[in-house]
Structures are given as C-alpha cells and as structure tokens.
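Some notes on the structure that comes next.
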Amino acid sequence: MKFFRFILIGLTLIGVSRAADLSALIQERLASIVTADFVIQTETDRHPVTVAGTVIDDQGTIIIPGSAIPSTISPDQVSNFKLHRPGGTEEFAATYLGQDALSGWHFLQAEERLRHELVPITRFAGESPVTTRLGDELWGIGLRGKDEDFNPYVLTSHVALIAKLPNETAVLAQDVAGPGLPVFTPSGQFAGLAQNSYGQNFLLYSRGQNGTPVMLLNVEESSVVLLANEVLPRLKRIPTSVSGRPIAWIGVYGLQPVDPEVAKFIKLEKQSGVVLSDIMAGSPAAQAGLQDRDIILAIDGRPLPRLKPDQVVISYAGEEIARRRPGDFMTLSVLRGTERHEIKVTLGDEPKMIREASRHYFEKLGLTIREFLKYDGMVNRSVPGEEGGVVVHFLKPNSLADTAGLQMSDWIREIDGVPVKDYAEAIEKLSAIESDKTRGDFVLLASRGGETKVLRIKLK
Amino acid sequence: MNRGFNRLLDAVVRIDVRETTLEDGVQRIVSGIGSGVIISEDGIILTNAHVASTLAVEISVTLASLERVNARLVGWDHWTDLAVIRIDVADLRRRNLKFTYAEFGDSTVLTPGETVYAVGTPYGLTRTVTRGIISNNNRPFEDPRGIHGFEVGMFNNWLQTDAAINPGNSGGPLVTEDGRVVGINSRAYIGADNLGFAIPSSIAQRVSTTLVKQGSITRSYLGIVPGVLQDLERFYSLASNTGMLVNSVDPGSPAARAGLRPGDIVLSLNGQKIDGRFPEQLPPIQNAIADLPVGSTVKLGVKRGAQLLNLSALSEKLESRVGEEWAFEKWGLSVRRVSRAYARENQLTDDSGVLVIGVQSGYPAALSGIAVGDIITKADGEPISTMSHLKEHYQRYVDTPAPVLIEAQRNRRIALYVFKP
Numbered sequence: 000m001k002f003f004r005f006i007l008i009g010l011t012l013i014g015v016s017r018a019a020d021l022s023a024l025i026q027e028r029l030a031s032i033v034t035a036d037f038v039i040q041t042e043t044d045r046h047p048v049t050v051a052g053t054v055i056d057d058q059g060t061i062i063i064p065g066s067a068i069p070s071t072i073s074p075d076q077v078s079n080f081k082l083h084r085p086g087g088t089e090e091f092a093a094t095y096l097g098q099d100a101l102s103g104w105h106f107l108q109a110e111e112r113l114r115h116e117l118v119p120i121t122r123f124a125g126e127s128p129v130t131t132r133l134g135d136e137l138w139g140i141g142l143r144g145k146d147e148d149f150n151p152y153v154l155t156s157h158v159a160l161i162a163k164l165p166n167e168t169a170v171l172a173q174d175v176a177g178p179g180l181p182v183f184t185p186s187g188q189f190a191g192l193a194q195n196s197y198g199q200n201f202l203l204y205s206r207g208q209n210g211t212p213v214m215l216l217n218v219e220e221s222s223v224v225l226l227a228n229e230v231l232p233r234l235k236r237i238p239t240s241v242s243g244r245p246i247a248w249i250g251v252y253g254l255q256p257v258d259p260e261v262a263k264f265i266k267l268e269k270q271s272g273v274v275l276s277d278i279m280a281g282s283p284a285a286q287a288g289l290q291d292r293d294i295i296l297a298i299d300g301r302p303l304p305r306l307k308p309d310q311v312v313i314s315y316a317g318e319e320i321a322r323r324r325p326g327d328f329m330t331l332s333v334l335r336g337t338e339r340h341e342i343k344v345t346l347g348d349e350p351k352m353i354r355e356a357s358r359h360y361f362e363k364l365g366l367t368i369r370e371f372l373k374y375d376g377m378v379n380r381s382v383p384g385e386e387g388g389v390v391v392h393f394l395k396p397n398s399l400a401d402t403a404g405l406q407m408s409d410w411i412r413e414i415d416g417v418p419v420k421d422y423a424e425a426i427e428k429l430s431a432i433e434s435d436k437t438r439g440d441f442v443l444l445a446s447r448g449g450e451t452k453v454l455r456i457k458l459k
Numbered sequence: 000m001n002r003g004f005n006r007l008l009d010a011v012v013r014i015d016v017r018e019t020t021l022e023d024g025v026q027r028i029v030s031g032i033g034s035g036v037i038i039s040e041d042g043i044i045l046t047n048a049h050v051a052s053t054l055a056v057e058i059s060v061t062l063a064s065l066e067r068v069n070a071r072l073v074g075w076d077h078w079t080d081l082a083v084i085r086i087d088v089a090d091l092r093r094r095n096l097k098f099t100y101a102e103f104g105d106s107t108v109l110t111p112g113e114t115v116y117a118v119g120t121p122y123g124l125t126r127t128v129t130r131g132i133i134s135n136n137n138r139p140f141e142d143p144r145g146i147h148g149f150e151v152g153m154f155n156n157w158l159q160t161d162a163a164i165n166p167g168n169s170g171g172p173l174v175t176e177d178g179r180v181v182g183i184n185s186r187a188y189i190g191a192d193n194l195g196f197a198i199p200s201s202i203a204q205r206v207s208t209t210l211v212k213q214g215s216i217t218r219s220y221l222g223i224v225p226g227v228l229q230d231l232e233r234f235y236s237l238a239s240n241t242g243m244l245v246n247s248v249d250p251g252s253p254a255a256r257a258g259l260r261p262g263d264i265v266l267s268l269n270g271q272k273i274d275g276r277f278p279e280q281l282p283p284i285q286n287a288i289a290d291l292p293v294g295s296t297v298k299l300g301v302k303r304g305a306q307l308l309n310l311s312a313l314s315e316k317l318e319s320r321v322g323e324e325w326a327f328e329k330w331g332l333s334v335r336r337v338s339r340a341y342a343r344e345n346q347l348t349d350d351s352g353v354l355v356i357g358v359q360s361g362y363p364a365a366l367s368g369i370a371v372g373d374i375i376t377k378a379d380g381e382p383i384s385t386m387s388h389l390k391e392h393y394q395r396y397v398d399t400p401a402p403v404l405i406e407a408q409r410n411r412r413i414a415l416y417v418f419k420p
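Right under this line is the structure:
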C-alpha cells in the first residue's frame, strides 16, 4: 500500500509543477497582449469599440482584427485610441497606422511610455515557426470586459482540423483565445493568432417552437487559429500610410471557382481554376486583354491548387494580387475556349475606395453625399462617360431627405432639373439650397437599379 | 330581391381549376377554386386571370343548377386580371342543361356610397352573397408581380368596395341591386377590414370582347415610367391641370430612342393634352398609350426646363416581364425565357438566355449547384439565346445521357456547372 501512495504523491507533484510552469508562461506572455478602445464617429452616432490586440515589435506596433473597423469607415472617423494592459487600470494613448490589404489587420502604435512594458510576440516565436499537427494541445488567453479591468483568463484545447483556407488554419475542439490574440504550445512557443470564430449551427427549442435552426457565433472567444507560419511573414507588412496604400489592383469583379465536376469536364487534373467576368473597362485586366469567360489556371506558372471548399480558391487568387504592389507583373495562364494563353498583367493602383471618398453631411437635410467612384460605376452598370453625380452615403432616419423617398446608395443625377457634373458642384448646390431660408422645396433626380425617380424634398 | 337579381344569381358559377406549376424544377398540378359569371348565351364566362390562366389544364364549372360542365380558356389578360372561358355548350345540350347569363351595368356612373353585392365562392362556400357599398370608384392599384409573376394594374383603376371579398370570391361579379354586373371582384387586402377591389365593368366589357375575338390583348409600349406631378407643378412652372411627369425611361425603349429623359414633363400625346397630377390619373394615360396601334408614330409634346420639345416615338408591342416557361424534368430544372422587360429590370446586357425558376432537390441541376435566379447563357459552349436552344440540348441528353457543361450568369457574373446523368 505504501508503494501505491507514493505513486499518488508523484502524480500530484507533476500536476502542480506543470501548472506553475504555465502560470509563469502566461505572466510572461501577457506583455504581448493589449486591449484597444476607440470611437467610430458617424453622422449622428458614436460607436465605442473594444478589441484585443497583439504586440508585434519593439516599436509598440499592435495588430487588431480587420473587422474592428467597417470598410466604409474613413480613418478620420476613428479616434480616441486607448490601450490597456490585461488587468491594468492605466490608460495609454495609441495612433492609427492603417490597414494592410493582404491580412486585413489594422495596425496601431502604442505611445512611448507603454512600449518598454510590452514584449513583441515574435520573442516567443522561436528560430522557425512551430509546426502544428492534428491533436496538438494549444492554449491561449481571453480577456474579460472593461468593467473587469480586462482581466485575462486561460483557455486550452486540441487541434481538431487543419485546412488551407487558403492560409493554413487550425480549428480547435474548443475555443482557445479571444479573436486577435495569440495562441501558444504547452511550452510557450507562439503557434498562431486566433481569428474571428466560425458560426455553429444549432436547433433552438422553445415553448411553442420545435427546433428552429439558429447559428451561434462566439464573439468573445474563438477556436479558429491562423498558424504561425502564415502570421509571422505578414507582421512585416506595417502600413506606410493611414490609407493602407499602395494597394495592388487588377480590376476583375466576377470571380467564380471551377468546381471539381467542371474541372474534370474541362480536363483539369488535380487543380482548380477561376472563371473571370465583370472586368472593369480600362482596368489592368482589361488592358492586358483578359476577357469574360477566361479561366485562370495558373499564376506565375504555379497552377491554382484544389482547395476546399471551392470558394477558397477565390481568396487564394485575391491574396496573390494583394501581396503584390502596384506596378508588379503577374503572368496568368488562362483557358480561353480550348486554347491556353499566357497573359502578362501589370497591376495598377486600387481606385479610390469608399472609405477614401470625399463626403459631406448636410445636417438640415439629414443627408451625406459622397463622390461617385469607379466602383459605383460598376454597381450601377453605368455607361462610361455618362457618369457624374453623387451617391447617397448616409440618410438620417425621418429626416427631410429620408421622408422624400431618397434611399441609401441612390445615385443623384440631377439637382433642380440640372445634371450634376461632379462632387464639388453637388456640394455647392446643396449648400446654397440648405442655407436659402426662402426656399420651400427642391427636386432631385435619383437613380436606383437602373430606374430613375424625381423626388421632391420639402424644406419647410 | 327583384327579378334581375335572381337572374344574376343563376348566372354566377363556381370554377374549379387544375393548373401546372413549374416552381420546384418539375411540373406539378395544383388546384384552386374561384368564381365567374356567364355573360352570353353562347356560354362565355368572365373570371379573373389569376383564376383561369394559360397554366390551366382542366377547368370545370358548376352552374347554379349544381350541374358540372367542362370549360376551356378562350383568352386571358393579366394586366387587367381578366380571363374568358367558354363552357362546353354541346355537352350542355346533350345533357339538356340550361343556364342564364348576366347583364352589364355602367360602372362609370357609380358613386361612392352606392349599395353593391359581391357574389361568388369564398373559401369554397358556393353561392355566397355579401353586401356593401362602393367605397371608392377610382382607385389606382398596381402590382408588378401580381399573378404568377405577371404584372397587374397599370392600365386601369379599380372599384373599391367594403362588400366582404375573400379568397374564392375572385372572378365573381360585383353587382348593383338590380343584378347588373358593374365589376369583377379580384382582390382584397388580407387582414384588413373589407378593403376589396374589382375591375370596373367598363374595362371588363371591352377586354372580354377582344379576348373572345382575339384571345389576347395587344398593347403598345413606349417605355415611360410616369410619376405623380402633385406638388411639383410650381417647380416645373406648369399651368394648372397639365402634364405627366416622367420618372424614368426604360433604357433602349421607344421613348429613350425618341430622346425622352427622366424629369421631362409630357404635356400632350398625339396633340391631346394630358393631365397626370394624381395617381388615379395615370392608369387612363397609360391605357391611352397602350391603345395606340403597335408600330405607330406617337407625337409627344414635352416640356424640359423652359424648353418645349416635340418628340416622336415609334411604339412597340408591350411585353410582359414573364417569358415562356418550361420544365426539363430529367434535369429537375424549370426555366423561363428572359424577356426584354426582365432584362431591362435587371440591367442585363441583352435579353438572351433562360432564367432558372426552379430546381428539384437531388436532381442533376440542383446537384451541379445552379440556383434559382441564375441565367443560363451557354450549354456545351453553344449560346442559349432562346428556349428552343436549351430544348435541343435537353433532347440530346435524354437520348444519350452525358454530362452537359452549363454556363450561367448571376448579376453579370459568370459561373460554370455540369449537369451529370
């Protein structure tokens, strides 16, 4: 019996010593984690946002998830960046550096006095990125809310699945970290970065309702991890401008995957393809001679891999463009009918994006207009040369513009019966109308889905 | 009740229709019940287009004597929601059955507040009479997808009544106290209290006469989408009671080719002044355009800003947004020809191709991933611009089943699918 008791004590000791190790590892790695608070200001509202961030270098550079800031929000609408350390009460300032087009991450930089307290995640990455395999145990950190001083807590799970989506991603059996936070091996090596979690399907039973399908999405914790070998190279892509530019652009908007049945039919063995359509006139793709129905088979000689699900190959092609810079070349092998062509495309500069467009809010009208972009030409199927006018970017509910029947994304073509040449002219006219106290109404011609409407906006 | 009313009751019939539906990628038969009224001694029955349509495969009529006879579709017009069917008179004679027919009253002299009766088969309850008044004698109402996706309204105003109108009343008559038909009951706001609508007899008489003669109504099309001028007269500096606002001009339409633009005011149509200030004034104007001969030159007096213009447009035949439909059962796929109107509505580059309206789960089309709303433009590399092209490919597939490569578009984005045996 004595012998037996000895073994029991031994087991307990091992358990305790492991816990102590992990605790030390956690304490050390908390220096790579912060929370970022900021405010998104829209025409009428202020949205406070809190997200988790990971420290990536000695200059206090921090990455936060791409979804933290909606893509139509201009950098000048985002302000009041504040950083907190897990469990800390002190507030630190940060500046916004921009968004990387490839990873989607937003980059922040911590104020100087915080930097020496932080440890970049790369410090825990080892000589070369750790290889993650099925069944491996990983742990990560979650953060409580602001009212609990962002107190950290530990999550542990096992790798259940590894897939190329198109980047190597592990899905764990349970949630392992807050989105945007690092995940580690039991010995503390950086294994990857938790992404936004995937939705899970459930049936909801409630009184009077039998099994309604619902999808649940955990916004606080995630089981999806972008692996270290993908994360580490991207950490070098710190934006050089707040706009995130330069951003490479090809100008093709209809990309559809070739599914395995179609691939077999057109005799593409063990690879995939992407069907092109909706090529913007004058874009790099159009200039290089790419045509609707061309099927991309290879990029720079590398055949498009067969990725699951089919749609992933679209992201793969998208990333091939995003990782390049304007002016770079790309050789596309395309199948046109039955012939194969090699087409060299010189990538261009991404046209002005919605978040960069000039915009103005007319408070009395409850209306924000923004300049008409190339992108709007695509959406509205406009004829090149017939463009001009401005786009409705925001409508205040029950405002003068809203009650007159104007809708979001309407394309304003005329003001008071006169065609609107450009944004500047629209601003001038609407400003004059808004400040004219004698006017009772004015008239807009708005286009929506190819149909136009004459709208009368009452000012009194 | 008086003699006229009793005679009317004898002329009202119950109509049982079995019709095909292609919605699930396969031809299925569904049945429905409606009402109708006999309007001539040779057995012509007036009903709704949403009761008896071109999809009907079997129409059976129950007379006031409770005898059943078969009927066939003579013609339909979804724009006015009217259809004409004819009972098998030879069969009636053989069986020695008799019927009476109703007489029309003048819907144009009706005034709000006048008592009217609705007769029909609500929820299958045959020979139900409900009473109410004319609530409004000039109600505009349109539904661009009202009957199996076909357009309704646009060319006529409606009688509004508070006589109870329920599902199954459709196609039955709205009559005055002396039993004269002043309207054909068509629809009601479900869930509202007694807001029913009927096609006025003035329209019904005209449409039914043409349907009996020609089987369909031919209308002219210019491509003007009118708007209400109300409150905008001052902005356009118009004299009172003139003009129709052009809200939109269909791209590529006769009006677009004539140079008409959104925001223009049409002052006259072939020299006739028009007044479209209020919503109820627009259907008669639309009808005046529709009544012009197809292919005729239409003179439009137009005001654009301070300018007065004379434009002339060559009218085209009006087409519905719903094209020919077909089901390819071995593929589990039902499709509809893309019409010009549909192509315009969806900003397509042209009207070629066929639109997927149904896929049957587990069949080749559904398994390939193609979905409702996709437009098939090619099969095995050959363009599909009409239904017959796709029928040829289908026939080949039926004869010797082999995979077919399908190219389809959705919102102008091209994708490929394989229909596998």
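Chains as they are written, first to last, in numbering that gives the first Met the number 0: chain A, 0 to 459; chain B, 0 to 420.
Idealized CB from N, CA, C, for every residue including glycine.
(request) Would you check if the distance between the CB atom of isoleucine 32 of chain A and the CB atom of valine 77 of chain A is smaller than 7 Å? (result) no
(request) Determine which residues share a DSSP beta bridge with asparagine 200 of chain A and list them. (result) A/Met214
(request) Evaluate histidine 115 of chain A with the Cβ neighbour count: other Cβ atoms within 10 Å of its Cβ, from every protein chain shown; 16 or more gives buried, anything less gives exposed. (result) Histidine 115 of chain A comes out exposed.
(request) Please name the residue or residues paired with asparagine 424 of chain B in a DSSP beta bridge. (result) Outside the displayed range of chain B (0 to 420) lies residue 424 of chain B, so it cannot be described from this structure.
(message) Suppose only complete runs of 4+ residues qualify. What are the alpha helix (DSSP H) ranges in the segment 287–365 of chain A, listed by chain order?
(response) Entirely contained in the segment 287–365 of chain A, the alpha helix (DSSP H) runs reaching 4 residues are, in chain order, 311–321.
(message) Quick check: the Cα distance between proline 111 of chain B and glutamine 204 of chain B, rounded to an integer number of angstroms?
(response) 21 Å
(message) Using beta carbons (cut-off 7 Å, strictly below), is proline 278 of chain B in contact with chain A?
(response) no
(request) Since I believe alanine 407 of chain B is in contact with threonine 385 of chain B (beta carbons under 8 Å), could you give me their beta-carbon distance rounded to a whole number of angstroms? (result) Actually they do not touch by this definition, with Cβ atoms about 16 Å apart.
(message) Let's see if you can read the secondary structure: which residues bound the beta strand (DSSP E) around arginine 186 of chain B?
(response) 180–187
(request) Tell me, to the nearest whole angstrom, how far the beta carbon of valine 36 of chain B is from that of tyrosine 116 of chain B; I am working on the premise that it is less than 8 Å. (result) About 12 Å; that fails the 8 Å criterion.
(request) May I have a chain-ordered list of the alpha helix (DSSP H) segments no shorter than 4 residues that lie completely inside the segment 71–148 of chain A? (result) Counting whole runs of 4 or more residues, the segment 71–148 of chain A contains the alpha helix (DSSP H) stretches 111–114.
(request) Could you have a look at leucine 366 of chain B and say whether DSSP puts it in helix, strand or coil? (result) helix
(request) Please determine, among A/Glu424, A/Arg380, A/Phe441, A/Thr367, the residue with the shortest C-alpha to C-alpha distance to glutamine 406 of chain A. (result) A/Thr367
(message) Just to confirm before moving on: does the CB-CB distance between isoleucine 223 of chain B and valine 245 of chain B stay below 7 Å?
(response) yes
(request) Examine chain A for any beta-carbon lying closer than 7 Å to the beta-carbon of glycine 234 of chain B, and answer yes or no. (result) Before going on, a small fix: residue 234 of chain B reads as phenylalanine here, not glycine. Closer than 7 Å: yes.
(request) Grab the span of the alpha helix (DSSP H) containing isoleucine 432 of chain A for me, first residue to last. (result) 422–434
(request) Label tyrosine 341 of chain B either buried or exposed according to how many other C-beta atoms from any shown protein chain fall within 10 Å of its C-beta, with 16 as the threshold for buried. (result) buried
(request) Write down the C-beta distance between lysine 363 of chain A and leucine 399 of chain A rounded to the nearest angstrom, noting that I regard them as a contact closer than 8 Å. (result) 7 Å
(message) Measuring straight from C-alpha to C-alpha, what distance separates glycine 74 of chain B and proline 292 of chain B?
(response) Going by C-alpha positions, glycine 74 of chain B is about 20 Å away from proline 292 of chain B.
(message) Can you check which of these residues, B/Lys316, B/Asp263, B/Ser169, B/Tyr396, is closest to alanine 289 of chain B by C-alpha distance?
(response) B/Lys316
(request) Would you list the one or two residues that DSSP bridges to alanine 257 of chain B? (result) Alanine 257 of chain B is not bridged to any residue.
(message) At the 7 Å Cβ level, is isoleucine 369 of chain B part of the contact set with chain A, yes or no?
(response) no
(message) Does asparagine 150 of chain A pass the burial test, meaning 16 or more other C-beta atoms within 10 Å, or should it be called exposed?
(response) exposed
(message) Looking at chain A, is there any beta carbon in it that lies within less than 7 Å of the beta carbon of valine 403 of chain B?
(response) Put simply, the CB of valine 403 of chain B is far from chain A, with every gap to its CB atoms at 7 Å or more.
(message) Can you give me the C-alpha to C-alpha distance between glutamate 219 of chain A and glutamate 318 of chain B, rounded to a whole angstrom?
(response) 55 Å
(message) Less than 7 Å between the C-beta atoms of proline 181 of chain A and threonine 88 of chain A, yes or no?
(response) no
(message) Let's test the definition: count the other Cβ atoms within 10 Å of the Cβ of histidine 46 of chain A and tell me whether it reaches 16, buried, or not, exposed.
(response) exposed
(message) Could you tell me the alpha carbon to alpha carbon distance between arginine 93 of chain B and histidine 392 of chain B, rounded to whole angstroms?
(response) 47 Å
(request) Return the chain-ordered ranges of every beta strand (DSSP E) run that is complete within the segment 223–284 of chain B and spans a minimum of 3 residues. (result) 223–226, 243–248, 264–268
(message) Three or more C-beta pairs under 8 Å: does that hold for the segment 339–346 of chain A against the segment 234–246 of chain A?
(response) Between the segment 339–346 of chain A and the segment 234–246 of chain A there are fewer than three inter-stretch CB-CB distances shorter than 8 Å, so the stretches are not counted as touching.
(message) Spatial neighbours of glycine 65 of chain A within its chain, please: C-beta separation below 8 Å, excluding the five flanking residues on both sides.
(response) Gln98, Ser102, Gly103, Trp104, His105
(request) Using a Cβ-Cβ cut-off of 7 Å, state whether glycine 131 of chain B counts as contacting chain A. (result) no
(message) For proline 172 of chain B and asparagine 156 of chain B, which I take to be in contact (beta-carbon distance under 8 Å), what is that distance rounded to the nearest angstrom?
(response) Going by Cβ atoms, the distance from proline 172 of chain B to asparagine 156 of chain B rounds to 18 Å, so no, they are not a contact pair.
(message) Suppose contacts are defined by Cβ-Cβ distances below 7 Å. Is leucine 389 of chain B in contact with valine 353 of chain B by that definition?
(response) yes
(message) Quick check on DSSP: helix, strand or coil for phenylalanine 264 of chain A?
(response) helix
(message) Counting only beta-carbon separations shorter than 7 Å, does phenylalanine 264 of chain A have a partner in chain B?
(response) Closer than 7 Å to the CB of phenylalanine 264 of chain A there is at least one CB belonging to chain B.
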